[in-house]
Amino acid sequence: MEEQQQLMEDEIDLREIFQILRRRAKVIIGTTLACAVVAALVSFFVLTPVYEATTTLFAGRATVTPENVSTPQTLQSEIAIAKELVNDYQEIATSRVVLQQVINDINLQMTPEELSQLVSVQLKNGTRIIMISVKNTDPNMAALMANKLAEVLINAVQQILNVENVQVIDAATVPDEPVSPRKTLNTAVAAVVGLIAAILLAFIFEYFDNSIRTPEDVERHLGLPVLTIIPDLDSEGGK
Amino acid sequence: MFPGPELVTLHNPSSLITESYRVLRTNILYSSPDNPLKTLVVTSPLPGEGKTTTAGNLAVVMAQGGSQVLLVDLDLRMPSVHRLFGISNSAGLTNLLVEDRSLESVVQKDSVGNLDILTTGPIPPNPAELVGSKKFAMFIEEMKTVYDYIILDSSPCVAYTDSVLAGRISDGVLLVISATIGKMDAAIQAKKNFEKVGAKIIGVVLNGVNKSHLGYSSYYYYYEDDEQGKAVRKKKKRTHGRM
Amino acid sequence: MIDIHCHILWGVDDGPQSPEETEALLNLAKVEGITDIIATSHYTPYLEQVYEKKFEEAASMARSVGINLYSGCEYKIQDALLLKDRLITLAGSDFILVEITSGLLGDFVCNQVYDLELAGYPVILAHPERSFVPADLPKLRKLGDMGVYFQITAGSIAGKFGKQIQGFAFKLLEEGLCHFVASDAHNQRSRAFFFTEARSTLQKKELMPQAINLLFRENTSKVLNGEPSIKSFPRKRAEPSRRKLFP
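The listed protein sequences correspond, in order, to chains S, G and A.
Numbering follows this note's numbering, with no gaps: position 49 of the first sequence is 590.
Numbering follows this note's numbering, with no gaps: position 76 of the second sequence is 1415.
Numbering follows this note's numbering, with no gaps: position 38 of the third sequence is 1173.
This is how it looks when you write it as structure tokens:
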């Protein structure tokens, strides 16, 4: 019997939570919308879009001749070797020498360190394919930089390793869409964060709320029975 | 006599609000079946929560129920019972207590019949003293032999001690709280004030409750046009929460 | 079947306003298979004045359709207490039909009900599923323990007043807080009899036929016959009730 009472009270608390949410619904919805709108505005109008262009390279043999055509056995070791080499290529691609070359060739106004922040060199797993990506606020520039870097890398590899091993598969095209800011993601995250914050705020307000609105308020916090309720039909004055 | 519009029980006996006062009357009578209640202090924590309106309407429905009722304006700081009933306040309780005037000379009869009203009379410089005086206590005792019920409309009880003093010598206290301007901490303080002197708060009247807080499920109440006995139905929507 | 709560008299409350409306309601009852109706209009001083005349008119109309009409009244509890010496009981029995409109269920209500019972009137509480909410269950149980009888509206069971009320009605049934199902019929549209629908709803919920019979026929016929022994609706026994170790 007491268990039922306990369950009853838990049920009441759930209903109370819904009541609180309903009462503060306007504030909660308003805050959530505001956060989402602010995030959207900032994403769409304030933040500078950043574009990324990618050049795809293949780090394998330059030419295939009857003598050096790969057999299944050799292919495995070739891949392993290539993997090692590719790590070298990664390092070379981001070396100061190479980057400086790129900067000189296309007259970039930045230091190699700054350029290296914009550059990302990645190896596609299980392949000998290298992707050189460069970020820039100007999409054309991004493409130009990516292709230039690829070009300089190929030359560098030739010079340093004396291999004609790297070649371009896909040159970088001018990207249409920026990779950042991620407008929808920002807005959604802001909305969720706003919602959580708003709900928390609502409960904080409730906790500090000193007003008396319902018979439950009276019975729960004052511990006195309510003997009648005079409804506010039109405007009943009080004195 | 020109009763004000707040006296719904007089002007509109079949309205929902009058019904609420009848419920109040019944619930007061049955709140403590062991100790019959004759003297009732009506007060509220803060001013303007509706205690005089409640006291007036309650007195009316009690009189309409057949009892002999005396409504006393015990708010010697801001009396308003006379305004509520549209009667004069040239003489009243203070004359009776200070000048030893007789009850008959100062009490006024209401149109309801069974309802006598004692306004404050001239406002004294020392309200708390008067309310706490032996003379007043004796006056109340005497009235209990004449009337079935004595309703004392008193000053707000957080700022002033009058109601608490009156509560001490009464059978019960009714706390009127406004759902629009009422404050919980004031109400809690009011409760403590009465507990300290051993006065019994029999319950709360919650005044001006917003319709959306009333939890009737498709509750149908009706108004009645007395002359024709026709009924007009008004439907309330179900909302969460309870009445 | 017997309907113990019906606003069939015309021109006295928010039920039918004309003889035609009463006639329509009676025909509807016939279709539903209702053979006996207790006329329980809302109490007003006006009703008291015109009762005999209004009842006779409606009763003769009912007779011509083959329905027996019995006298009764639906009192708000505060009015019932005032009129203890002259309450219109149901079908001449001791039972009275009482509604609590304020939605307040304090200890004072228990005292009020007790007062009525002491005066010799077993109390049937009208449509608790519409006057209260599930949060009031503990207090309703207390009233049940005191011997108050509960009348649930057929329309509530059939879902005519919404899902919340329907759910609450089922909950009351589960708790055994239901002794009668009645219509509280006021008009042919939104507040008709709904007996057939309610019965089928209960059947779908796999209520035993004996239980349904109890609510619609057995207990109600006891009211007509003035028998005091109303059977409780069987409570769903999940676990045995606990004994309190410490009083």
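Ideal Cβ positions, reconstructed from N, Cα and C, are used throughout, including at glycine.
Small disclaimer: the values here were computed from a predicted structure and weren't measured.
Residue-chain proximity (residue i, chain G), Cβ-Cβ < 8 Å
i: phenylalanine 1243(A); result: yes
i: isoleucine 770(S); result: yes
i: valine 759(S); result: yes
i: glutamine 1286(A); result: no
i: aspartate 717(S); result: no
i: threonine 1157(A); result: no
i: leucine 763(S); result: yes
i: glutamine 1247(A); result: yes
i: threonine 1236(A); result: yes
i: valine 767(S); result: yes
i: aspartate 1250(A); result: yes
Pairwise C-alpha distance: residue j and residue i
i: threonine 635(S); j: valine 627(S); result: 12 Å
i: valine 759(S); j: leucine 1275(A); result: 20 Å
i: isoleucine 1259(A); j: leucine 1232(A); result: 5 Å
i: threonine 572(S); j: phenylalanine 1329(A); result: 47 Å
i: serine 1557(G); j: serine 1494(G); result: Below a pLDDT of 50, predicted positions are generally treated as unreliable, and serine 1557(G), at 30, falls in that range; no measurement from the model is reported.
i: glycine 1168(A); j: aspartate 1229(A); result: 26 Å
i: valine 1512(G); j: threonine 1433(G); result: 22 Å
i: alanine 1270(A); j: threonine 725(S); result: 43 Å
i: leucine 1161(A); j: isoleucine 1347(A); result: 23 Å
i: serine 1356(A); j: alanine 1327(A); result: 21 Å
i: valine 1309(G); j: serine 752(S); result: This structure does not reach residue 1309(G), given that chain G is present from 1340 up to 1582, and the question cannot be answered.
i: leucine 1376(G); j: glutamate 1468(G); result: 25 Å
i: lysine 689(S); j: valine 643(S); result: 6 Å
i: proline 1342(G); j: serine 1450(G); result: 10 Å
i: leucine 789(S); j: leucine 1514(G); result: Here chain S has residues from 542 to 780 only, and residue 789(S) is not among them.
i: leucine 1397(G); j: tyrosine 1360(G); result: 6 Å
i: serine 1383(G); j: leucine 1409(G); result: 20 Å
i: arginine 556(S); j: glycine 1201(A); result: 48 Å
i: alanine 1289(A); j: glutamine 1323(A); result: 14 Å
i: methionine 1196(A); j: cysteine 1208(A); result: 19 Å
i: aspartate 1492(G); j: tyrosine 1256(A); result: 37 Å
i: arginine 1364(G); j: leucine 765(S); result: 17 Å
Any chain S beta carbon closer than 8 Å to residue i
i: glycine 1431(G); result: no
i: leucine 1163(A); result: no
i: methionine 1364(A); result: It is serine, not methionine, that sits at residue 1364(A) in the sequence shown. Cβ-Cβ to chain S under 8 Å: no for serine 1364(A).
i: serine 1195(A); result: no
i: isoleucine 1426(G); result: no
i: isoleucine 1540(G); result: yes
i: leucine 1239(A); result: yes
i: leucine 1545(G); result: yes
i: valine 1399(G); result: no
i: threonine 1356(G); result: Residue identity check: residue 1356(G) is isoleucine in the sequence provided, not threonine. Cβ-Cβ to chain S under 8 Å: yes for isoleucine 1356(G).
i: tyrosine 1359(G); result: Here residue 1359(G) turns out to be serine, not tyrosine, going by the sequence shown. Taking Cβ atoms only, chain S reaches closer than 8 Å to serine 1359(G), which makes this a yes.
Minimum Cβ-Cβ distance from residue i to chain A less than 8 Å
i: glycine 1404(G); result: yes
i: tyrosine 1559(G); result: With a pLDDT of only 37 at tyrosine 1559(G), under the threshold of 50, the placement of this residue in the model should not be trusted; the figure read from the coordinates follows. Tyrosine 1559(G) counts as touching chain A.
i: threonine 1382(G); result: no
i: valine 1362(G); result: yes
i: glycine 1369(G); result: Before going further, note that residue 1369(G) is tyrosine rather than glycine in the sequence given. With 8 Å as the cut-off, tyrosine 1369(G) counts as an interface residue toward chain A.
i: methionine 1582(G); result: Because methionine 1582(G) sits at a pLDDT of 32, beneath the cut-off of 50, its placement in the model cannot be relied upon, and the following sentence gives the value as read from the coordinates. Yes, because at least one Cβ of chain A sits closer than 8 Å to the Cβ of methionine 1582(G).
i: asparagine 1366(G); result: yes
i: proline 1372(G); result: yes
Residues bridged to residue i [DSSP beta-bridge criterion]
i: leucine 1545(G); result: Ile770(S) and Ile1516(G)
i: asparagine 1203(A); result: Asp1171(A)
i: asparagine 677(S); result: Tyr592(S)
i: valine 707(S); result: Ala600(S)
Cutoff 8 Å: residue i Cβ touching any chain B Cβ
i: leucine 1312(A); result: The structure shown contains no chain B; its protein chains are S, G and A.
Notebook entry, point to check: Is the stretch 1521 to 1530 of chain G in contact with the stretch 1419 to 1432 of chain G, if contact means three or more CB pairs nearer than 8 Å?
Noted result: no
Item checked: Interface residues of the stretch 1200 to 1223 of chain A facing chain G [CB-CB below 8 Å] -> For chain G, the residues of the stretch 1200 to 1223 of chain A that bring a beta carbon within less than 8 Å of one of its beta carbons are Lys1211, Ile1212, Gln1213, Asp1214, Leu1216 and Leu1217, in chain order.
Notebook entry, point to check: Are three or more beta carbon pairs between the stretch 654 to 665 of chain S and the stretch 557 to 566 of chain S nearer than 8 Å?
Noted result: no
Next item on the list: For the stretch 729 to 759 of chain S, enumerate the residues whose C-beta is nearer than 9 Å to any C-beta of chain G, in chain order.
Entry: Asp750, Asn751, Ser752, Ile753, Arg754, Thr755, Pro756, Glu757, Asp758 and Val759
Item checked: Members of the stretch 1506 to 1538 of chain G near chain S, C-beta cut-off 8 Å -> Leu1513, Leu1514, Ile1516, Ser1517, Ala1518, Thr1519, Ile1520, Gly1521, Lys1522, Met1523, Asp1524, Ala1526, Ile1527 and Lys1530
Note to self: Three or more C-beta pairs under 8 Å: does that hold for the stretch 1148 to 1158 of chain A against the stretch 1291 to 1303 of chain A?
What the structure shows: no
Item checked: Given 8 Å, three or more beta-carbon pairs between the stretch 1272 to 1291 of chain A and the stretch 1401 to 1408 of chain G -> no
Check: Of the residues that make up the stretch 663 to 693 of chain S, which ones have a beta carbon closer than 7 Å to any beta carbon in chain G?
Finding: none
Check: Would the stretch 680 to 687 of chain S and the stretch 639 to 654 of chain S be scored as touching if the rule is three or more Cβ pairs under 8 Å?
Finding: yes
Next item on the list: Flag this pair as touching only if the stretch 1347 to 1359 of chain G and the stretch 1483 to 1500 of chain G have three or more C-beta atom pairs under 8 Å; answer yes or no.
Entry: no
Margin query: Would you call the stretch 1494 to 1508 of chain G in contact with the stretch 717 to 736 of chain S, where contact means no fewer than 3 C-beta pairs closer than 8 Å?
Written below: no
Notebook entry, point to check: Looking at C-beta atoms only, is the number of pairs between the stretch 581 to 599 of chain S and the stretch 704 to 723 of chain S that lie closer than 8 Å three or more?
Noted result: yes
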